[in-house]
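So the protein sequences, as listed, match chains A and B.
Counting from 1, position 193 in the first sequence corresponds to residue 193 in our numbering; the numbering is continuous, with no gaps.
Counting from 1, position 48 in the second sequence corresponds to residue 48 in our numbering; the numbering is continuous, with no gaps.
Everything on this sheet refers to the single structure shown next.
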Amino acid sequence: MVDVPAIELIGIDKRFGLVHANKAIDLRVGKGSIHGIIGENGAGKSTLMSILYGFYQADSGEIRVDGKPIHIRDSQAAIAAGIGMVHQHFMLVENFTVLENIMLGAEGGALLRGGVSRVRSELKRLEETYGLEVEPDAVIEELPVGLQQRVEILKALYRGAEILILDEPTGVLTPAEADHLFRILAQLRDQGKTVIFITHKLREIMAVTDTVSVMRRGEMVATVKTAETSVEELAELMVGRRVLLRVEKGPSAPGDVLLSVRNLTVKDNRGVVMVDNVSFDVRAGEITGIAGVAGNGQSELLEAIAGIRKPVSGEIFVNGQSLAKADPAYLREIGLAHIPEDRHHMGLVLPFEEYENAALGYHRDPVYGKGPFLDLDAMRDDAKAKIEKYDIRPPDCRLKTANFSGGNQQKIVCAREIERDPKVLIIGQPTRGVDIGAIEFIHKRIIDMRDSGKAVLLVSVELDEIRALADRVLVMFAGHVVGETVPNADEKTLGLMMAGIAA
Amino acid sequence: MDGFDIFVSILGSTIRLSIPLIFTALAGLFSERAGVFDIGLEGKMLAAAFASACVAYLTGSALAGLGAGIVVSILLSLVHGFASITSRGNQIVSGVALNFVAAGLTIVLGQAWFGQGGRTPTLPTTARFQPITLPGADTLHDVPILGPFYANVISGHNLLTYLAFLAVPACAWVLYRTRFGLRLRAVGENPGAVDTAGISVTWLRYRAVIVAGFLCGFSGTYLAIAQSAAFIQNMSAGKGYIALAALIFAKWKPVPVLFACLLFGFLDAMANFMQGKAIPGIGEVPVQIFQALPYVLTCILLAGFIGVARPPKAGGVAYTKER
């Protein structure tokens, strides 16, 4: 039997100015399979897929669909060739209904009337075939992200996609939603569709794909069967050197209580109680991890401790000192540093140059100042030292922060906060959207902080991260701390606690 | 005049004053729902008024005047489109520039061509849009209440007035029932969604600003050769901005746009009516107070009485494919 691949890329090459994003890429994707493409941020995965979807034009190379060479001029041509794409940032109109979003670009006539009933019946069919249920008249912005993603998948299927590309689809999903997505993908494959799954998370590759291709710095370095490889091998291929997936750390030596939370209750902006009567302590020389599915009050807890959100009731003590009227500047002064969950939203000002972000928040420090003016030379020297120490790439303190990759941006934040040598460090999602090499580095830094006798509070929705780093694990569910456990508790027990089932 | 007659006359004048607002606000609606801010409505209106007055004077035909108004207004729209869609310039700056160009050029050309201090020559009645008396208006005139209402409020307006009222449902239909409308609304919210669906964002936005120019052509023409009999310098007098306020007040929706424009027209009519009249207990109120009312009302309403006015999300931002 001659096995014609669903997609074949031959010698795809693409440059953006000086950046060589794709170097002579060859790729064969088998029909009816789930093909993973893994690589660190900036390895060229998204560029390659954008070429396949007609968003960019390759400088050279050939694309074959079902063995036939085709020229994909624009997205319209890709759609016509049966290629559908689910973008990392959803391409949905938020105040449109599900129906309108699915119709957009495939209305089937100058007037909408005929199209509406066609979409309705087609949606019903897709729902029956693939179990992709969604209310056609619901407005997108009122749907949870998991369902919004389903609409994106339906959009592609409605246009007759035989090949579905998913770009980092799990970044916005909870673990449960991600598992559900994997089941949907498996079902699509079983119905004969071809799925290309782009991610930088190894666990997902192992969980869902049949074949996996690894990209590194614009090159396709390997294609292997998932069943015949291992997480360690893939990690090494991705980074180009051996990577420690397990963090090495010695036993902890807990000291005095440095951070203490008593009966804390916090409401979110809508006035809903998100943290409900929570108490715990964090000791010096210890990493206390807070596990839980996103949205169970962890964010609000962090914000309250960091002095960003005013608690409704309860008290927080740092080093025995009450923080009743503390603002973030005062907290920094008494030795509490905060690495926020969302570096784009809180940790960095993206249009600023790197050295500006490297001092932001501490810019009143006399080290950076000459009277009322900033001492730019001092700031830049300080930034250069941090770049060196944290291996931030590219090593250019005058570069706009937005132009650094996610991992390097996170290193900029970590360097700024950790190098102040705080007594207490609170961290939210330290490695979200960060590539493996940087994860390893950041994890080491966090362990170093612990070993030098700091109190660390770590909030993460990545269970693996909590288990690898924490000395003690608290589980949050619906605003409560539902239990405490050891980091090597089995995954099932932790999972149940996170679902609020057992305490 | 008794109270009822006054009421009817104010309503009639409300309608006359609302028409340019309705056309202009609908023009802004198309442009802004597609994500292109259009502060240049004022300038397009003014340029269209000038063009229509000139051509109506030269040809003696009101319809030719209308055609000229539309063409000139669309040309200005295309300039705005080129600056803000193709060249990805700042949409506010481009719009303001158009306003200046229109305000200055109309006077300069008017003076050069006609030598009447920037005015165009007064048009004969035949070169203007004439009031249309609807059938039965005269015979019903003596019927109490209904008669004067029909004769003064419903009947007796010119062609453009009736077109303005027809334009509202027509725009709503285009926006909500056609493929063009769906895509237009989408491109103002998330151009990425339109682009990935294989539709050209650029061409779609150009079509939107062309529609905006088309509608502004009507409003300018109305000012010069329906409501008046000549172009007078700066005769749009801020109506483009009022229309923009009405558009925001109406949350960028066609039918509410109609009512917002009627409200602003009503306030304008009241201001004219109250000129030199004494209010019992207060005495004579300076007319400027009434003239300021639409603006004051806009501020108050936007400050909270209409809830959050959510503009099209991608408004004012040129579309670039992300890298």
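Beta carbons are placed, not taken as given, at the ideal position from N, Cα and C, and that holds for glycine.
In this text, all values refer to a predicted model and were calculated from it rather than measured experimentally.
- In the three-state scheme derived from DSSP, where H, G and I count as helix and E and B as strand, residue 197 (chain A) is classed as strand.
- Of all residues in the stretch 174 to 186 of chain B, only 176, 177, 178, 179, 180, 181, 182, 183, 185, 186 place a beta-carbon less than 9 Å from a beta-carbon of chain A.
- The stretch 249 to 258 of chain B and the stretch 93 to 108 of chain B do not touch, with fewer than 3 CB-CB distances between them shorter than 8 Å.
- For residue 80 (chain B), the enclosing alpha helix (DSSP H) stretches over residues 62 to 81.
- Annotation: the continuous alpha helix (DSSP H) that includes residue 8 (chain B) extends over 3 to 33.
- When DSSP states are grouped into helix, strand and coil, residue 85 (chain A) belongs to the strand group.
- Around the beta carbon of residue 345 (chain A), fewer than 16 other beta carbons lie within 10 angstroms, which makes this residue exposed.
- Excluding sequence positions up to five before and after residue 311 (chain B), its CB lies within less than 8 Å of the CB of 32, 248, 252, all in the same chain and listed in chain order.
- A contact is defined here as three or more CB-CB pairs under 8 Å, and the stretch 75 to 84 of chain A fails this definition with respect to the stretch 30 to 42 of chain A.
- If you ignore the 5 residues before and after residue 34 (chain B), its C-beta comes within less than 7 Å of the C-beta of 184, 187, 188, 204, 205, 208, all in its own chain and listed in chain order.
- Positions of the alpha helix (DSSP H) runs, each at least 4 residues long and wholly inside the stretch 83 to 148 of chain A, are given as 98 to 103, 113 to 130 in order along the chain.
- Collapsing the DSSP output to three states places residue 172 (chain A) in coil.
- With fewer than three CB-CB distances shorter than 8 Å, the stretch 250 to 257 of chain A does not count as touching the stretch 208 to 220 of chain A.
- Of the residues assessed, residue 188 (chain A) falls on the buried side of the cut-off, its CB having 16 or more other CB atoms within 10 angstroms.
- When DSSP states are grouped into helix, strand and coil, residue 282 (chain B) belongs to the coil group.
- Following the DSSP letters along the chain, one finds residue 473 (chain A) inside the beta strand (DSSP E) bounded by residues 472 to 477.
- Any Cβ of chain B closer than 8 Å to the Cβ of residue 83 (chain A) would place that residue at the interface, and such an atom is absent.
- Between the stretch 3 to 17 of chain A and the stretch 49 to 58 of chain A there are three or more C-beta pairs closer than 8 Å, enough to call the two in contact.
- Residue 69 (chain A) is bridged by DSSP to A:64.
- Annotation for residue 12 (chain B): 152, 153, 156 place their beta carbon closer than 8 Å to its own, counting only its chain and skipping 5 residues before and after.
- Our two residues, residue 415 (chain A) and residue 390 (chain A), have alpha carbons roughly 7 Å apart in a direct line.
- Distance from the CA atom of residue 84 (chain B) to the CA atom of residue 90 (chain B), rounded to whole angstroms, is 6 Å.
- Interface with chain B (8 Å Cβ-Cβ cutoff): residue 112 (chain A) is included.
- Secondary structure of residue 324 (chain A) (DSSP, three-state): coil.
- Going by beta carbons, residue 380 (chain A) and residue 355 (chain A) fall inside the 8 Å limit.
- Counting along the chain, residue 279 (chain A) sits inside no alpha helix (DSSP H); it lies in the beta strand (DSSP E) bounded by residues 273 to 283.
- Closest by C-alpha distance to residue 54 (chain B), out of B:76, B:169, B:65, is B:65.
- Around residue 248 (chain B), no beta-carbon contact reaches into chain A at under 7 Å, the shortest distance being about 17 Å.
- Listed in chain order, the non-local C-beta contacts of residue 4 (chain B) below 8 Å within the same chain comprise 145, 148, local neighbours out to five positions each way being set aside.
- Residues of chain A whose Cβ lies closer than 8 Å to the Cβ of residue 189 (chain B) are, in chain order, 93, 94, 95, 96.
- Shown here for residue 297 (chain A): same chain residues with a beta carbon closer than 7 Å to its own, the five before and five after excluded, namely 274, 275, 476, 479 in chain order.
- Listed in chain order, the non-local C-beta contacts of residue 163 (chain B) below 8 Å within the same chain comprise 218, local neighbours out to five positions each way being set aside.
- Counting only runs of 4 or more residues that sit fully inside the stretch 160 to 202 of chain B, the alpha helix (DSSP H) segments are 179 to 189, 191 to 196, in chain order.
- Here residue 239 (chain B) is buried. Its C-beta has 16 or more other C-beta atoms within 10 Å.
- Listed in chain order, the non-local C-beta contacts of residue 171 (chain B) below 6 Å within the same chain comprise 26, 254, local neighbours out to five positions each way being set aside.
- Here residue 341 (chain A) carries a coil assignment [DSSP, helix/strand/coil].
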